[in-house]
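Visitor:
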């Protein structure tokens with residue numbers, strides 16, 4: 001029963017963040033196409049996970065001391081909160097480290113780049129982030145949205161192709177693959 005509750009908790013968080021739509025492994029994509037740069041600090045929950053000076057993964061601040069990221073990101077990290085451009089500082093940044101990580105119990109760590117099922121992990125930071133206009137937890141949905149609802153997702157990447165992404169800016173990307181007529185205006 002305890003294991004069942006733990007798994008259900010992970011599914012609840014993932015469903016809240018994904019708008020309630022489950023993608024079977026065969027439908028999962030590794031890249032999102034047709035992204036665009038978001039307004040500076042319009043995604044205050046977006047976190048950059050570094051291994052020394054190299055961007056390792058993105059994460060989401062879900063509570064002042066907690067991050068949600070992919071389970072395959074299990075390396076020593078420095079966390080960059082409050083960033084917009086990873087190549088420039090603008091005074092809003094916070095750097096925190098982690099005390100513990102909790103990968104999904106069914107994540108297959110022996111195939112981290114091939115098996116994306118259950119690739120989700122909670123990370124507890126050493127101390128709480130200082131909440132500001134540029135650093136704020138994502139407000140989790142209290143209910144699941146209807147399947148087929150258009151959703152937005154943010155992450156680190158490049159808006160130009162075929163260049164290799166230099167991970168210098170967060171992108172606001174569409175979860176579905178249709179181009180928006182113009183980027184939506186989000187309130188900071």
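Residue numbers (full-length UniProt numbering): 1 to 188.
Backbone N, C-alpha and C fix where the C-beta goes; we use that ideal spot for every residue, glycine too.
Could you spell out where the beta strand (DSSP E) holding residue 54 opens and where it closes?
Guide: For residue 54, the uninterrupted beta strand (DSSP E) segment begins and ends at 54 to 63.
Visitor: Do the region 43 to 50 and the region 74 to 87 touch if we need at least three Cβ pairs shorter than 8 angstroms?
Guide: Output reads yes: the region 74 to 87 touches the region 43 to 50.
Visitor: Below 8 angstroms on the Cβ atoms is my guess for residue 71 versus residue 119; work out the distance and round it to an integer in Å.
Guide: 5 angstroms
Visitor: If the criterion is Cβ atoms closer than 9 angstroms, does the pair residue 91 and residue 155 meet it?
Guide: no
Visitor: Would you decide whether residue 146 is buried or exposed? Buried here means 16 or more other CB atoms lie within 10 Å of its CB.
Guide: Under this definition residue 146 is an exposed residue.
Visitor: Can you tell me which residues form a DSSP beta bridge with residue 66?
Guide: Bridge partners of residue 66: 63, 124.
Visitor: If you run the structure through DSSP and keep just helix, strand and coil, what is residue 48?
Guide: strand
Visitor: Find the nearest neighbour of residue 56 within the set 79, 67, 103, 131, judged by alpha-carbon distance.
Guide: For residue 56, the closest C-alpha among the options 79, 67, 103, 131 is that of 79.
Visitor: Considering just the uninterrupted stretch of the beta strand (DSSP E) at residue 103, what are its terminal residues?
Guide: 98 to 103
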